[in-house]
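**Q** Going down the list, the protein sequences come from chains A and B. Under numbering that gives the first Met the number 0, the first sequence has 187 at position 188, and the numbering climbs by one with no breaks. Under numbering that gives the first Met the number 0, the second sequence has 1 at position 2, and the numbering climbs by one with no breaks. The C-beta atom is built at its ideal place from N, Cα and C for all residues, glycine as well. Since this is a predicted model, take the numbers as computed values, not measurements.
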Amino acid sequence: MTKQQISMVMDLNKCLGCQTCTIACKRIWTKRKGMDYMWWNTVNTMPGRGTPKDWESMGGGFANGRAKAGHLPTRADFGEPVKSNQETLFFDGASDMTRLKPINKPEWGPNWDEDQGGGEYPNGYFFYLPRICNHCSNPACQAACPRNAISKRPEDGIVVIDEDRCRGYRFCMSACPYKKIYFNEEEKTAQKCIFCFPRIEQGVAPACVRQCPGRLRHVAFRDDEEGPVWKLVEKWKVALPLHGEYGTEPNVFYVPPLGPTAFDKDGDHDTRKSRIPDEYLISLFGDRVLEALETLKAEMEKTRSGEKSELMDILIARHWPDMFPSHDKDPAIIDWKEIS
Amino acid sequence: MSKLSRREFLKYTNASTLALSLRRLTWVAPTLAAGKSGAASLEMPDYDSWEDIYRHQWQWDKVVKSTHHVNCWYQRGCTFNVYVKDGIVLREEQSATYDQTSPDVPDANPRGCQKGACYSDRMYDAGRLKYPLKRVGKRGEGKWKRVSWDEAMTEIADRFIDALNTDGPASIYFDGGGGATSGGGGTAAGRRSKLLDLPGFDIDAEVGDHHPGINVTCGKMFFHSSGDDSFYSDLILNWGGNPIYTQIPNAHYITEARYNGARIVTIAPDHNASAVHSDDWIPVNVGSDAAFGLAMAQVVIEEDIFDKAFVREQSDLPILVRTDNKRFLRASDIEPKGDEEVFYIWDQVTDSLQAAPRQSLALGDLVPALEGEFSVETSSGSVTVTPVFAMLREHLKDYTPEITEKATGTRPSLVRNLARQIATAKSAAVLTQSNFSKFYHGLEMERAQLLIMVLCGQFGKKGSGLNAFPMISPDGSMSAIRADADDPEFKKVPVMPKEPPLWQRTGPDGTTFERMVFDMMRKGYMGGGSTASSLFFHEHGGLAPMTGSAKQYDPYLKRDATAHLEEAYEKGWQVHPGPAPKVFVESGGNILRRVRGDLLKRGFLDSLPFLVTIDWRMSTTALYSDYVLPAAGWYETNDLVFSTPIAPFTNITQQIVQPLGDSKTDWAINCLLMEKIQERAIARDKTEFKDRAGQDRKLDRVYEDFSFNRTYEADGDEELLKNVIKACSNLETSWEELQQKGQSRFTDLSFPDMATEIKADETITACTWHTEKKMPWPTLTRRMQFYIDQKIFFELGEALPVHKDNPAIGGNYPLQLTGGHTRWSIHSIWRDNDMMLGLQQGEPTMWVSAEDARSRGISDGDRVRVSNDVGEFKTRIKISPSIRPGQVVVYHAWEPYQFEDREHFQSIMPAPFNPIQMVGGYSHLQPRILIGQPNMSDRGVRVEMERVG
């Protein structure tokens with residue numbers, strides 16, 4: 000049994016789409032052979048086809064209490080990593096009209112539909128959706144694995160794939176409705192976000208959290224009533240799971256986005272409707288999303304009129320380490336010689 | 000066991016890979032010994048589970064603080080922890096060690112972006128330069144011979160000596176681009192130029208960072224509040240920038256200010272990433288922002304909701320203008336010997352003419368009239384005068400929101416609503432960047448922005464103001480450049496005194512300390528201190544047919560722009576660049592990528608005898624150079640970067656690992672160059688040259704002078720830096736402390752322009768000396784000046800701020816190409832990096848509106864040919880309903896070599912100069928470094944596109 004569940008809230012009103020989280024993850028975990036196309040952390044422009052392409056229609060989750068197979072995402076669905084011809088162009092005396100370009104001709108990638116979004120001008124809309132493994136309380140990947148290679152760590156609830164047990168059947172990839180599991184062709188194992196457990200073990204927040212310049216990721220144990228996650232999810236009810244309908248009980252939650260005011264047909268402001276359609280947000284975050292947005296707006300109205308708001312103070316996070324108070328150790332001070 | 004070459008080692012390792020491969024046992028332990036630092040620190044760990052592999056992957060040998068001395072300008076100032084294992088940089092993380100300025104405001108942590116977070120990939124990627132290369136093929140072909148430093152430097156030194164002897168020092172140009180530092184690199188560049196009498200190469204106006212409208216109105220542009228100051232705003236306008244793309248580390252202050260009660264409003268043609276984070280987005284036509292701003296000014300005046308006290312005190316709006324000749328009424332009008340720079344107001348209390356105060360902006364008992372006509376006796380009879388404000392009110396009748404809707408495409412309700420919000424906000428701020436100054440009529444766009452902010456009194460309060468050009472530097476670096484050879488601690492050339500009483504002191508004629516400094520700088524500039532690169536490329540770059548082509552497009556011009564330029568040269572308003580270049584050294588910039596209009600296509604290289612590039616990556620300029628000299632990467636050199644008040648911290652880079660291959664630090668490369676010049680001058684018996692003033696100079700001790708009599712030689716930059724930091728009066732730290740902390744907050748300004756004090760526990764609010772201490776502004780009228788009674792301003796109808804439609808630059812085509820800095824690169828530095836390209840589509844793209852794509856039968860992902868009268872390029876397109884119909888967007892700094900046939904997206908930009916930006920000879924309108932030179936405008940160029948595949 001999981002004693003404690005580590006969890007995260009991402010505030011979409013603060014996400015810049017800069018992908019520093021994506022890079023932070025890439026530079027620490029997915030540099031090995033077979034991992035070049037892996038982005039355990041992704042940020043997609045929504046609405047969009049996302050990563051892997053069309054993941055929201057790939058299915059998975061549960062049916063009648065058993066893991067349900069969805070579409071098994073392929074490497075092409077995730078997209079080839081760009082590999083360009085720098086060496087021939089720069090140093091090998093190629094024709095001077097040759098241009099730098101990807102020689103492996105990727106046709107999709109982790110951010111292919113960046114800033115495209117939906118709607119119609121001037122009521123176009125988009126927002127950024129960062130995603131990691133949801134470290135679900137009821138993981139479909141675990142239920143789907145015939146090798147019992149997937150487990151939740153008892154000490155923190157992080158969902159991990161035992162790469163020694165894994166035989167590469169990939170049922171987990173098919174069952175995960177979020178399509179956040181990759182397959183390493185070189186090592187023949189499934190691999191995914193590990194919630195930076197080696198950092199968590201040392202009291203250090205995950206790389207994507209500490210490296211987020213937009214300051215949108217809060218981390219705490221779910222039941223820690225002093226921590227930001229409990230306050231945002233349980234107390235203020237402004238943070239919601241993504242596609243909760245799959246029943247996997249994600250432990251990553253989102254503060255939904257407030258779009259700018261919409262326009263009527265004459266080009267004047269129309270405050271009666273939302274730029275980001277309500278039904279779209281409901282399709283992502285469920286019925287409670289409208290209530291969450293109302294709470295956010297009401298609390299923002301308070302600060303506008305000079306009143307205090309605990310919710311706003313949490314989301315602002317004047318003192319950055321308060322975003323992950325139980326894991327606020329500076330990794331740079333770790334001395335591995337002392338630890339080993 | 001096979002011996003891995005160092006290159007292969009780098010390709011496959013980053014050390015953690017080694018650890019992982021142990022599990023698969025595909026590599027065995029002796030492989031490790033092939034690594035540079037050997038196996039000593041890599042004993043075989045005792046793995047008992049797959050989890051240990053991940054645990055081990057996270058471990059490192061050491062962590063060192065550093066940063067990236069790239070010019071990311073508004074977003075710079077980020078300390079990183081750089082993790083090193085086995086002599087290789089593994090990765091980096093934002094250090095997140097900034098103290099909170101005050102418990103009221105969010106701290107600066109973690110401060111960084113994705114580009115900085117993958118520099119460890121960039122520094123080892125396939126574009127990295129490792130060895131000196133000599134061109135053996137055609138330019139741009141990529142055929143090289145690897146040569147030694149000595150061989151390269153011998154030819155380069157000989158070229159320098161020859162040029163000094165034949166055409167003089169003015170024929171040698173160094174382009175520093177955005178790579179300037181305040182440490183070894185910057186000191187080397189400054190001392191080299193001083194000793195060889197090379198002119199500076201001032202690119203500020205060329206690239207459109209020169210804020211012409213701010214300078215015309217304020218007499219200066221270097222003022223900017225700190226990023227955390229905007230947390231006090233209750234209204235933030237993203238107007239002239241896209242900070243969610245271009246200020247990644249600062250952007251949280253905007254989203255957090257919103258949670259703290261601020262309204263965020265983005266004004267832009269497209270619903271961009273900053274609009275997404277706003278309460279309101281106000282769409283405007285491309286290039287119509289002056290009309291939008293003037294309409295708001297009209298509203299606050301008509302509704303009488305503007306700040307009269309502020310306007311009377313801080314602006315020229317109460318100053319009287321003669322109705323007969325439209326010039327300000329001056330003391331010289333009243334009596335022949337009167338002062339040309341004494342101006343008048345009409346005092347409503349005494350109903351009399353009074354000289355406008357000059358030594359202080361404080362009005363005392365005066366209440367200047369804003370309306371009315373008054374009769375005044377001058378030495379040549381009676382004249383009628385009226386305040387600028389009355390003229391402005393009349394002028395703005397042509398700018399009601401209903402009238403401007405035609406230009407802006409913006410509904411009047413949106414204009415009125417926002418104007419009222421600015422007027423009633425406790426503290427409104429405009430987060431502009433260097434966007435409007437890249438428009439042909441950018442000067443007017445900035446004036447209009449300032450006008451609405453001044454009318455609403457939005458300056459000098461915490462969280463208010465229009466933020467202009469952010470810059471603050473460790474001031475000791477200037478001493479290191481100026482010091483003589485026998486003064487290695489720069490004791491004889493102390494930094495500019497900076498006690499606030501002195502910097503706020505004003506002479507009886509309203510000359511402030513900053514004004515005196517600016518006047519000195521203007522004198523230095525006019526004396527040839529630096530060359531305006533826009534004029535250089537106009538005269539010597541083959542661009543004149545385009546940069547001088549404004550009359551083709553601008554219906555308001557009565558004369559050719561080239562005729563205006565001739566007038567400007569003749570009257571000493573602008574300085575003609577020196578002779579054609581004999582030697583051009585690219586050292587920190589990338590002219591073949593940067594210069595609008597495309598030097599490659601216009602024959603610049605055909606007439607350039609010798610091009611050298613010093614860089615750590617293969618830029619287009621490097622690819623076309625005769626020699627390429629490999630510079631050390633940012634984790635391979637000690638240096639001190641320049642900073643901004645947005646993040647008012649000095650930052651350092653450290654030599655964490657040795658320079659890769661044969662690369663060398665900027666300081667070392669300059670030492671080699673100067674030493675070789677000295678050696679070759681002696682060997683060739685050519686030890687003398689005439690400087691630009693005609694004085695004899697010697698080369699036989701030039702390296703001794705450069706290196707402070709060999710105190711700081713090629714490996715001496717760390718010692719040099721220690722003394723630079725000691726010489727700083729605006730930092731209270733040491734090199735050793737910076738090594739530990741990576742950063743230190745500035746304790747004082749470096750230039751007086753910001754006109755405020757830096758306090759340890761407060762955010763920085765610019766311009767409070769003007770608003771609170773009533774210090775005059777450094778303009779003709781000593782006020783923020785909206786009326787310019789100058790000949791060219793009259794000729795072009797711009798004496799008061801106006802809107803002029805963006806001309807059809809490039810020809811009569813339906814689409815307007817805009818741009819802006821990309822989020823994916825700083826200039827071109829990450830443009831060819833596969834990791835960053837992998838988060839885009841791997842090659843240049845152009846954003847197109849759904850409507851324009853549909854009407855041309857173009858689908859998402861198609862390739863299109865984009866063309867106009869000047870040229871064409873091909874690109875892949877992205878369709879988005881967020882783009883305004885009629886607008887297409889290419890974010891900047893793709894390299895020419897990323898386009899088919901190397902037809903760059905900037906090659907379709909004629910980049911015409913606007914003659915309004917050539918004006919001089921008018922008090923504060925006279926060029927000085929970074930300011931007052933014509934810009935190669937690039938925004939809103941007209942194009943058409945067609946599908947090619």
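Spell out the partners DSSP gives K663/B in its beta bridges.
**A** A630/B
**Q** In whole angstroms, what separates the C-alpha of N708/B from that of E538/B?
**A** N708/B and E538/B have their C-alpha atoms some 39 Å from each other.
**Q** Give the interface partners of A250/B over in chain E, defined as CB-CB distance under 9 Å, in chain order.
**A** The chain labelled as chain E is not found among the protein chains of the depicted structure, namely A and B.
**Q** Compare the C-beta of G156/A with all C-beta atoms of chain B and state if any pair is closer than 8 Å.
**A** no
**Q** Based on DSSP bridge pairs, tell me the residues matched to T377/B.
**A** T377/B is bridged to G380/B.
**Q** Helix, strand or coil: how does DSSP classify K336/A here?
**A** Three-state DSSP puts K336/A in a helix.
**Q** Check whether the region 641 to 652 of chain B touches the region 455 to 475 of chain B, taking contact to mean three or more Cβ pairs, one atom from each stretch, closer than 8 Å.
**A** yes
**Q** With C-beta atoms as the reference, is S478/B less than 8 Å away from A188/B?
**A** Contact flag unset, no.
**Q** At 8 Å on the CB atoms, spell out the chain B contacts of N137/A, in chain order.
**A** What N137/A touches in chain B: nothing, since even the nearest Cβ is about 23 Å away.
**Q** Quick check for students: name the residue ranges of the alpha helix (DSSP H) that lie wholly in the region 248 to 301 of chain A, counting only runs of 4 or more.
**A** 277 to 284
**Q** Do you know offhand how far V574/B's Cα is from Y568/B's?
**A** 6 Å
**Q** Using a beta-carbon distance below 8 Å, is R168/A in contact with chain B?
**A** At residue 168/A the sequence reads Tyr, which differs from the Arg that was named. Answer no: the Cβ-Cβ gap between Y168/A and chain B never drops below 8 Å.
**Q** With the cut-off set at 8 Å, would you say S476/B and T66/B are in Cβ contact?
**A** no
**Q** By Cβ distance, which residues of its chain are closer than 8 Å to A389/B, with the 5 residues on each side in sequence left out?
**A** In the same chain as A389/B, and ignoring 5 residues on each side of it, the C-beta atoms closer than 8 Å to its own belong to L369, E370, G371, E372, in chain order.
**Q** How long is the line joining the alpha carbons of W26/B and P320/A, rounded to whole angstroms?
**A** Only weak support is given to the placement of W26/B: the predicted model assigns it a pLDDT of 32, under 50, and the value that follows is read from those uncertain coordinates. Taking the straight line from one Cα to the other gives about 41 Å.
**Q** Starting from the C-beta of D859/B, find all residues in its chain whose C-beta is less than 6 Å away, skip the five residues before and the five after it, and write them out in chain order.
**A** I878
**Q** When burial is assigned at 16 or more other CB atoms within 10 Å of the CB, is A75/A buried or exposed?
**A** Sixteen is the threshold: since fewer than 16 other Cβ atoms of the shown chains lie within 10 Å of the Cβ of A75/A, the residue is exposed.
**Q** So who's on the other strand from Q886/B, going by DSSP bridges?
**A** Q815/B
**Q** Going by DSSP, name the residue or residues bridged to R65/A.
**A** A62/A
**Q** Just the C-alpha distance for I655/B and I180/A, rounded to the nearest angstrom, thanks.
**A** 36 Å
**Q** Classify A38/B as helix, strand or coil using the three-state DSSP reduction.
**A** Residue placement at A38/B cannot be trusted, given a pLDDT of 38 that sits under 50; the coordinates are not used to answer.
**Q** Could you work out which residues of chain A lie near A49/B, taking near to mean beta carbons separated by less than 8 Å?
**A** Contrary to the premise, residue 49/B reads as Trp rather than Ala in this sequence. Within chain A, the residues near W49/B are D161, E162, D163.
**Q** Taking the alpha helix (DSSP H) that Y957/B falls in, what are its first and last residues?
**A** Summary: the structure shown does not reach residue 957/B, with chain B confined to residues 0 through 948, and so no result is reported for it.
**Q** Does the beta-carbon of W59/B have 16 or more other beta-carbons within 10 angstroms, so that it is buried, or is it exposed?
**A** Under this definition W59/B is a buried residue.
**Q** Exposed or buried, which one is Q677/B when buried takes at least 16 other CB atoms within 10 Å?
**A** If you draw a 10 Å sphere on the C-beta of Q677/B, you find 16 or more other C-beta atoms in it, and that means buried.
**Q** Just mark Q739/B as buried or exposed, buried being the case when its beta carbon has 16 or more other beta carbons within 10 Å.
**A** exposed
**Q** Distance check for A482/B and C17/A, CA to CA, integer angstroms please.
**A** So the alpha carbons of these two residues sit roughly 43 Å apart.
**Q** Pair every Cβ in the region 777 to 786 of chain B with every Cβ in the region 217 to 224 of chain B, then say whether three or more of these pairs are closer than 8 Å.
**A** yes
**Q** Would you call P751/B buried or exposed, if buried means 16 or more other Cβ atoms sit within 10 Å of its Cβ?
**A** buried
**Q** Is I27/A close to chain B? Criterion is C-beta to C-beta, closer than 8 Å.
**A** yes
**Q** At a Cβ threshold of 8 Å, is T636/B touching chain A?
**A** no
**Q** Does the beta carbon of G33/A sit closer than 8 Å to a beta carbon anywhere in chain B?
**A** no
**Q** Nearest to W846/B by alpha carbon, out of R145/B, R90/B, H270/B, T96/B?
**A** Comparing Cα-Cα distances from W846/B to each of R145/B, R90/B, H270/B, T96/B, the minimum goes to H270/B.
**Q** Taking the alpha-carbon positions, what's the R23/B to V88/B distance?
**A** For R23/B, the predicted model reports a pLDDT of 38, less than 50, meaning its position is unreliable; a value from the coordinates is still stated below. Distance between the alpha carbons of R23/B and V88/B: 24 Å.
**Q** Taking the C-alpha atoms as reference points, what is the distance between F77/A and K178/A?
**A** K178/A has its alpha-carbon roughly 10 Å from the corresponding atom of F77/A.
**Q** Just the C-alpha distance for G819/B and R415/B, rounded to the nearest angstrom, thanks.
**A** Straight-line Cα distance between these residues: approximately 28 Å.
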